[in-house]
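Engineer: For the record, the sequence lines run as chains A and B.
Residue numbering for the first sequence follows this note's numbering, beginning at 8 and increasing consecutively.
Residue numbering for the second sequence follows this note's numbering, beginning at 215 and increasing consecutively.
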Amino acid sequence: DIQLTQSPSTLSASVGERVTITCRASQNISSWLAWYQQKPGKAPKLLIYKASSLESGVPSRFSGSGSGTEFTLTISSLQPDDFATYYCQQYNSYLMCSFGQGTKLEIK
Amino acid sequence: QLQLQESGPGLVKPSETLSLTCTVSGVSISSSNYYWGWIRQPPRKGLEWIGNIYFSGSTYYNPSLKSRVTISVDTSKNQFSLKLSSVTAADTAVYYCARHFWEPYSSSWYLFDWGQGTPVTVSS
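1. Taking the beta carbon of A:Thr-27 as the centre, do at least 16 other beta carbons fall within 10 Å, making it buried, or is it exposed?
2. What in chain A is Cβ-close to B:Gly-329, meaning under 7 Å?
3. Do you know offhand how far A:Ser-84's Cα is from A:Gln-44's?
4. Which residues, in chain order, does the segment 303-328 of chain B contribute to contact with chain A at a C-beta distance below 7 Å?
5. Following the continuous beta strand (DSSP E) through A:Thr-29, name the residue where it begins and the one where it ends.
6. Is A:Leu-61 close to chain B, meaning its C-beta is less than 9 Å from at least one C-beta of that chain?
7. Kindly indicate which three-state DSSP category B:Pro-333 falls into: helix, strand or coil?
8. Please determine whether the Cβ atom of A:Thr-17 lies at a distance below 8 Å from any heavy atom of the ligand NAD.
9. Is it a yes or a no for the segment 283-291 of chain B touching the segment 101-115 of chain A, going by three-plus beta-carbon pairs under 8 Å?
10. Just verifying my parser: in three-state terms, what is the DSSP assignment at B:Glu-304?
11. Interface residues of chain B around A:Gln-44 at Cβ under 9 Å?
12. Report the start-end ranges of each alpha helix (DSSP H) in the segment 265-310 of chain B that is 4 residues or longer and not cut off at the edges.
13. Would B:Gly-251 and B:Trp-323 be called neighbours here (beta carbons separated by less than 9 Å)?
14. Per DSSP, which residues does B:Phe-326 bridge with? Please list them.
15. Please report whether the beta-carbon of A:Ala-32 lies at a distance below 9 Å from any beta-carbon of chain B.
16. Of all the residues that make up the segment 71-101 of chain A, which are near chain B by a beta-carbon distance shorter than 7 Å?
17. Compute the beta-carbon to beta-carbon distance between B:Ser-221 and B:Leu-232, rounded to the nearest angstrom, for a pair I have assumed lies under 8 Å.
18. Can you list, in chain order, the residues of its chain with a C-beta nearer than 6 Å to that of A:Ser-33? Leave out the 5 residues immediately preceding and following it.
19. Is the CB-CB distance between B:Glu-262 and A:Tyr-98 below 9 Å?
20. Suppose contacts are defined by Cβ-Cβ distances below 9 Å. Is A:Pro-51 in contact with B:Tyr-310 by that definition?
21. Compare the C-beta of B:Gly-271 against all C-beta atoms of chain A and say whether one is closer than 9 Å.
22. I'd like the list of long-range same chain contacts for A:Gly-73, defined as Cβ closer than 6 Å, with 5 residues on each side in sequence excluded.
23. Give the straight-line distance between the Cα atoms of A:Lys-46 and B:Thr-289, rounded to the nearest whole angstrom.
24. Below 6 Å CB to CB, which residues in the same chain sit around B:Val-241 once its five sequence neighbours on both sides are set aside?
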């Protein structure tokens, strides 16, 4: 099974800051990684797929990078609406997918 | 505009079967390239993929739940359903239905659109 480890588990930041969240895979997953944003009491929302492709309608301050086993989600300038929990998800496993444990982004 | 809406009992007794339905509107469940499935999230925890189904009836399940899960589809009603048998308190979670996008080069999926989720508690 492919394990995804996100770091940090919690991140405190201020509006306007640039932040980066890391997702590490236990084995090579090429670029088959997606990122989701989840706000309290809401369903997750797709932000990024194929490691760096921005989903339609997602603000350009979100970007993804990486391949193989190390991936990052970057928010270039934090906005108040961005405080949420972020999950990575791998879709490299044959007929199976799995998620990281999540990173909670809090207001400093 | 695509909408997914989960429905079903919010309380299930231990050892019984959890049954949920997802009603899809705005797109045909028979659309190619899309699969339809379920994800759950226990209280204050992360996301767990349960499984999915293609409109033809082909199903794919998380190996950790496979022995207890059945997903079915009713194309005439544009709905798909989840049954999870022999539930315990560990199955208490918010259950989401979601449209899955099939990636042929990896033979797997990412999750395009989600329902709002429905909480299910397992308790006597």
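Built from N, CA and C at the ideal position, the CB exists for glycine as well.
Being a predicted model, the structure only gives us computed values, none of them experimental.
Structural biologist: Checking against the coordinates, here is how it stands:
1. exposed
2. For B:Gly-329, the neighbours in chain A by C-beta distance under 7 Å run, in chain order, Ala-50.
3. 16 Å
4. Cβ contacts with chain A: Tyr-310, Glu-317, Ser-320, Ser-321, Ser-322, Trp-323, Tyr-324, Leu-325, Phe-326, Trp-328.
5. Unbroken beta strand (DSSP E) run through A:Thr-29: 26-32.
6. no
7. strand
8. The ligand content of the structure shown is nil, which means the ligand NAD is not present either.
9. no
10. One point to set straight first is that residue 304 of chain B is Ala, not Glu, in the sequence displayed. Reduced to three states, the DSSP call for B:Ala-304 is helix.
11. Neighbours of A:Gln-44 on chain B: none; closest Cβ ~11 Å, over 9 Å.
12. none
13. yes
14. Per DSSP, none; premise fails for B:Phe-326.
15. No, its Cβ sits nowhere closer than 9 Å to a Cβ of chain B.
16. Tyr-94, Gln-96, Tyr-98, Asn-99, Ser-100, Tyr-101
17. So it is not a contact: roughly 13 Å between Cβ atoms.
18. Ile-9, Gln-10
19. Taking 9 Å as the Cβ cut-off, B:Glu-262 and A:Tyr-98 do not qualify as a contacting pair.
20. yes
21. Chain A has no Cβ within less than 9 Å of the Cβ of B:Gly-271.
22. Ala-58, Thr-79
23. Each residue's Cα considered, the two are about 32 Å apart.
24. Leu-216
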